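Novice: If you scroll down you'll find the structure; I have some questions about it.
Protein chains in written order, with full-length UniProt numbering: chain A, 1 to 401; chain B, 1 to 398.
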């Protein structure tokens, strides 16, 4: 009796504008690109809202209405919600209506969609608390299940989440951490007492997120009927099929012309057409199924790239330097008491900035190029690194005053 | 397959990339069992060179034509040394007469040789290629390393040169461009059909420099920024000087070195002096071989601010030595390089900002160098020769 557990990641970073060394000391507005390019946060948000958030939310509302058994979950980053409020309040409103159905669960994450878990537990804890407060403010609910940025996970991160009071956590179902095991069961993270772990079924998830429109794929075109059949094949050998993906899959990564919305419209009905199937949110899945085994994950896993590790954000000297410098400033930034400084410092922590600096394009890479708003990883580094210099100067000024 | 190739002066007598490119391409073709009859101009009063030793390949035969033609020659340059040589009365009175005379001589060679295809490099040899085609009836490939628009930066295009280029490309059965940048120019400015043009990149011959990435400081300054190329409009030396002044306004501990020679040499010396940066600006003259390699290695950054650069071999040479590159967006090599910094040649603020970024953040130069060096592996004469052979085969079987 496989339950289908949908989780969609909804996130937009504050992209750093093109910022040259000559601006250091003179320009403290790092995120206010107003051009026609790919760094204008407001324009991008409005575009994605039009192509993805609004039509997909509308369809989800209709599907929830039509199928009382249908359930989904989202993780909405704090920087996404901030931008939604600023650039497209109707998006915020439609998410509110979704949560009001009672069948849409919101997950917890770091407000700034950051890599803080890798650098500073204190900062990580603060950002989780900020996110919790924001979700409560906008939606009146409190998340109980945690997902870390880009599904970055290890035993240690599971322990962090447990310490912060969460009952469950999400991770990538990478082959090497599972070994002979299946991702379609609930597990217990090693070193935790009551935590439960849900693992992404990356094959089925990526069939939708990445392969859906690929004409080179033998299964193209993917129909809802076919996909529902694949899910049902887990009947008897799995308890929960976790379909985790970026929400922008609908309409933004897979354009409307690929038929992705038709697929989505039909999918819940097709899945429910098999009597043994149902839908569960992450907290329901955790409550419904016992942990079948303990999982010991010593390395960091994530859902990025074929490596499913940290290399998308931490594999070259520029990324390490930028991250190192950023977290090195933590104590000074916090003790400055300057709210704007703290906010800017945190916006610079969003993982996307370091993803844009990634140089491993050639093995895996066109994905990186496609998602990079800068002309090259070097341009991304220069802008971010120059901004950090400016931030550093601001800290010193506060100290002098 | 036997190729009648109209090439240019060979290293070490070259004055730029064209001779180097012809030489390496011919050598790579011979290695693949393609016979090459390599025809090149050579003045009788020049020191005798043992080409057979230079090539040392059984598949290669050298034929020379007595002519003072050299790559990058201009009408005025031709006239300036013709006055001294006019006595010989061997050569044409003007550059154009000489180019046509060279073509007639080429025809005589074509009539005494047997071959399957003709391959001519740049406009000075196009009349030779066309003459050989009309006497032999064999297919002609013209190889465009630079157009008149590149050489002049689009200003003061010589209509006669343009006519010969266009006429050569039209008469040819196939046009090889050294980049898509050049291919587009051939389509737009010369009206040649895109299907008729193939892109074959240049490459670097030497194996990876084992000392690449090892800096060898040459000055008391903290950092060194390098320009290598003919000091002429096409290469944008003036933008380099302007960017240098902007960098130095912020950081005095940088030495700028300009290596090369050319018609703007004295103008650049004056410009550096007028901008008050002579103490931080060195003119190294025309360098080659180990001296040039040492200079590449001692630099923190190589800058190629070309106004119009069909390929840009020096950028690849720099990366081979482990030195990161900042190149203008108007370059052919740049279209397939991702691990480099790019800037519009006229945007000297941005150029200075990027130079300063490389000098300020060592991880930036480190990544550009490491990944850039790896990336140039895609440019190989071996691969370029394969592409030429495919073109020859298509032309000779149809």
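Glycine included, each C-beta is placed from N, C-alpha and C at the ideal position. Because the structure is a prediction, the values reported are computed rather than measured.
So residue 187 of chain A is in the beta strand (DSSP E); what residue range does that whole segment cover?
Specialist: 186-189
Novice: Would you report the Cα separation of residue 263 of chain A and residue 149 of chain B, rounded to the nearest angstrom?
Specialist: Distance from the CA atom of residue 263 of chain A to the CA atom of residue 149 of chain B, rounded to whole angstroms, is 53 Å.
Novice: What does residue 381 of chain A touch in chain B if you count any residue whose Cβ is under 7 Å from its own?
Specialist: 364
Novice: Out of A/244, A/213, A/209, A/184, state which residue places its alpha-carbon closest to the alpha-carbon of residue 238 of chain A.
Specialist: A/184
Novice: Is residue 188 of chain A closer than 7 Å to residue 117 of chain A when the C-beta atoms are compared?
Specialist: no
Novice: Could you tell me the distance, in whole angstroms, from the CA atom of residue 163 of chain B to the CA atom of residue 370 of chain A?
Specialist: 42 Å
Novice: Looking only at DSSP bridge pairs, what is residue 7 of chain A linked to?
Specialist: A/73, A/244
Novice: State the start and end residues of the unbroken alpha helix (DSSP H) segment that holds residue 339 of chain A.
Specialist: 339-347
Novice: Rounded to a whole number of angstroms, what is the C-alpha to C-alpha distance between residue 75 of chain B and residue 3 of chain B?
Specialist: 30 Å
Novice: Residues of the stretch 16-32 of chain A in Cβ contact with chain B at a cutoff of 8 Å, in chain order, please.
Specialist: 20, 21, 22
Novice: Specify the secondary structure class of residue 386 of chain B as computed by DSSP and reduced to three states.
Specialist: helix
Novice: How is residue 350 of chain A classed by DSSP in three states: helix, strand or coil?
Specialist: strand
Novice: Identify which residue in B/98, B/260, B/313 has its Cα closest to the Cα of residue 291 of chain B.
Specialist: For residue 291 of chain B, the closest of B/98, B/260, B/313 by C-alpha to C-alpha distance is B/260.
Novice: Can you tell which of A/140, A/109, A/78, A/380 has its C-alpha closest to the C-alpha of residue 342 of chain B?
Specialist: Residue A/380 is the option with its Cα nearest to residue 342 of chain B.
Novice: Output the residue ranges of the alpha helix (DSSP H) runs that lie fully inside the stretch 341-366 of chain B and measure 4 residues or longer, sorted by chain position.
Specialist: With a minimum length of 4 residues, the unbroken runs of alpha helix (DSSP H) contained wholly in the stretch 341-366 of chain B fall at 348-360.
Novice: For residue 344 of chain A, count neighbouring Cβ atoms within 10 angstroms of its own Cβ and tell me buried if that reaches 16, exposed if not.
Specialist: buried
Novice: For residue 373 of chain A, count neighbouring C-beta atoms within 10 Å of its own C-beta (all shown protein chains included) and say buried if the count is 16 or more, exposed if not.
Specialist: The residue in question, residue 373 of chain A, is buried, as its Cβ has 16 or more Cβ neighbours within 10 Å.
Novice: Enumerate in chain order the residues of its own chain whose CB-to-CB distance from residue 349 of chain A is below 6 Å, with the five nearest sequence positions on each side excluded.
Specialist: 112, 114
Novice: Can you have a look at residue 355 of chain B and say buried or exposed, based on whether 16 or more other CB atoms are within 10 angstroms of its CB?
Specialist: buried
Novice: In the DSSP assignment, what are the bridge partners of residue 301 of chain B?
Specialist: B/225
Novice: How would you list, in chain order, the residues of chain A whose beta-carbon sits under 8 Å from the beta-carbon of residue 342 of chain B?
Specialist: 375, 376
Novice: In chain order, what residues of the same chain lie with their CB nearer than 6 Å to the CB of residue 351 of chain B, ignoring the 5 residues before and after it?
Specialist: 243, 343
Novice: Going by DSSP, what residue range makes up the alpha helix (DSSP H) through residue 24 of chain B?
Specialist: 17-31
Novice: Exposed or buried, which one is residue 381 of chain B when buried takes at least 16 other CB atoms within 10 Å?
Specialist: By the neighbour-count rule (16 or more Cβ atoms within 10 Å), residue 381 of chain B is buried.
Novice: Please list, in chain order, all residues of the same chain as residue 205 of chain A whose beta carbon is under 8 Å from its beta carbon, the five residues on each side excluded.
Specialist: So the list reads 242, 243, 244, 245, once near-sequence residues are dropped.
Novice: Tell me the DSSP secondary structure of residue 121 of chain A in three-state form.
Specialist: Helix.
Novice: From this set, A/376, A/305, A/375, A/64, which residue's C-alpha is nearest residue 150 of chain A's C-alpha?
Specialist: A/305
Novice: Spatial neighbours of residue 372 of chain B within its chain, please: C-beta separation below 8 Å, excluding the five flanking residues on both sides.
Specialist: If we look at residue 372 of chain B and ignore the five residues flanking it on each side, its Cβ neighbours are 319, 324, 325, 337, 339, 340.
Novice: With contact counted as at least three CB pairs below 8 Å, one residue from each stretch, are the stretch 26-34 of chain B and the stretch 124-136 of chain B in contact?
Specialist: no
Novice: Looking at C-alpha atoms only, which residue of B/280, B/367, B/397 is the closest neighbour of residue 221 of chain B?
Specialist: Ranking B/280, B/367, B/397 by Cα distance to residue 221 of chain B puts B/280 first.
Novice: Looking at residue 327 of chain B: is its Cβ nearer than 7 Å to the Cβ of residue 204 of chain B?
Specialist: No, the pair does not count as a contact, with Cβ atoms beyond the cut-off.
Novice: Is it true that the stretch 262-274 of chain B meets the stretch 292-310 of chain B, where meeting means three or more beta-carbon pairs spaced less than 8 Å apart?
Specialist: no
Novice: Under 7 Å between beta-carbons, which chain B residues line up against residue 394 of chain A? List them in chain order, please.
Specialist: In chain order: nothing, as chain B lies at least about 18 Å away.
Novice: Helix or strand or just coil, what does DSSP make of residue 278 of chain B?
Specialist: In the structure shown, residue 278 of chain B adopts helical secondary structure according to DSSP, grouped into three states.
Novice: Where does residue 24 of chain A sit, in a helix, a strand or coil, going by DSSP?
Specialist: Coil.
Novice: Out of B/392, B/335, B/6, B/346, point me to the one whose CA is closest to residue 375 of chain B's CA.
Specialist: B/335
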